[in-house]
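Every number in this note's numbering is 4 more than the matching position in the sequence shown, counting from 1.
Even for Gly, the Cβ is constructed at its ideal location relative to N, Cα and C.
Here the structure is a predicted model, which is why all the values come from computation and not from measurement.
Let me begin by presenting the structure, written as structure tokens, before commenting on it.
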Amino acid sequence: MIDINGIAHVQLSVSDLRASRDFYHWLLHETFGMTIQYDSERAFYCIGGRTGVLITPADPQLSADGFDQGRVGLHHLCFRLRAAADVDALHAALAARGGVNILRAPRQDGWAPGYYSILFEDPDGIRLEANFVPGRGNLDVIGEDRRSMVRTSGGRPRSRTRGEAVGVVRRRLYRPSCAFRRPLHRRAEISPAPVRCDRAQREASSAGP
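Structure below.
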């Protein structure tokens with residue numbers, strides 16, 4: 005099983021790079037504190053928060069169609085924030101900036117325990133979301149982590165049974181460490197000598213004068 009480490013980057017195609025650059029410079033750099041890596045007439049790229057967002061011009065022959073969530077491709081992009089207060093602060097910043105289509109003010113939803121989010125759009129109408137989920141979110145509900153998963157004969161992961169999970173814990177608890185294994189090896193190496201000595205002594209004593 006491959007353990008991924010987040011999403012490296014997302015690239016968005018926009019119809020007007022200058023207008024989108026102004027918006028994303030404000031959102032990503034000024035508001036989220038992400039670092040600008042590229043800023044040119046062909047690209048605007050910010051990195052930070054274990055991800056990156058790249059903005060590039062769309063094909064002029066296709067940009068007139070605009071963004072549609074129902075088409076093949078991106079449905080929406082969601083940023084994960086670190087606190088519910090950050091969602092509220094973003095809402096206030098979007099309202100103060102003006103000209104941003106806020107589709108939904110911050111609210112709690114049932115997507116995960118404590119799921120709190122805001123929904124808005126960029127200049128092209130690309131749907132953007134920012135949320136906060138406490139703890140591990142749905143992972144705490146469904147219990148899917150590497151320690152609780154095993155692979156079936158077909159290669160697909162499944163949840164461990166209770167007995168399998170208990171067995172894993174017991175093996176971890178009672179597995180000897182290197183510090184304990186080395187003395188055992190040393191005892192095994194030196195143990196034959198005393199045994200041969202004792203046998204020789206018994207044979208010598210039983211042979212008589």
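According to the DSSP secondary-structure assignment, Val76 is paired through a beta bridge with no residue. Inside the region 57-114, DSSP marks whole alpha helix (DSSP H) runs of 4 or more residues at positions 64-67, 88-101, from first to last along the chain. A distance of 8 Å or more separates the beta carbons of Val14 and Leu123. Only residues of its own chain outside the window of five on either side were considered, and among them Phe48, Cys50, Val57, Ile59, Asp126 have a CB closer than 8 Å to the CB of Tyr28, listed in chain order. For Gly52, same chain residues with a beta-carbon under 6 Å away, outside a window of 5 residues either side, are Met38, Thr39 in chain order. Two segments are said to touch when three or more pairs of C-beta atoms, one from each, lie closer than 8 Å; by this definition the region 111-120 does not touch the region 61-70. If you ignore the 5 residues before and after Asp128, its C-beta comes within less than 7 Å of the C-beta of Val18, Ser19, Ser24, Gly70, Phe71, all in its own chain and listed in chain order. Here the alpha carbons of Asp43 and Gly147 stand approximately 42 Å from one another.
Ser17 sits in a strand when the DSSP states are folded into three classes.
Thr39 is bridged by DSSP to Ile51. Take the alpha-carbon of Gly74 and the one of Glu45: they are about 30 Å apart. Boundaries of the alpha helix (DSSP H) around Asn142: 142-146.
Put simply, the backbone Cα of Ala134 is about 19 Å away from that of Asp26. Around the beta-carbon of Pro138, fewer than 16 other beta-carbon atoms lie within 10 Å, marking it exposed.
If you ignore the 5 residues before and after Arg86, its C-beta comes within less than 8 Å of the C-beta of Phe136, all in its own chain and listed in chain order. The C-beta distance from Leu94 to Ile106 rounds to 10 Å, too long to fall under 8 Å, and the pair is not in contact.
By a beta-carbon distance limit of 8 Å, Arg101 contacts Trp30. Their separation comes to about 7 Å. Distance between Val91 and Arg111, taken at the CA atoms: about 9 Å.
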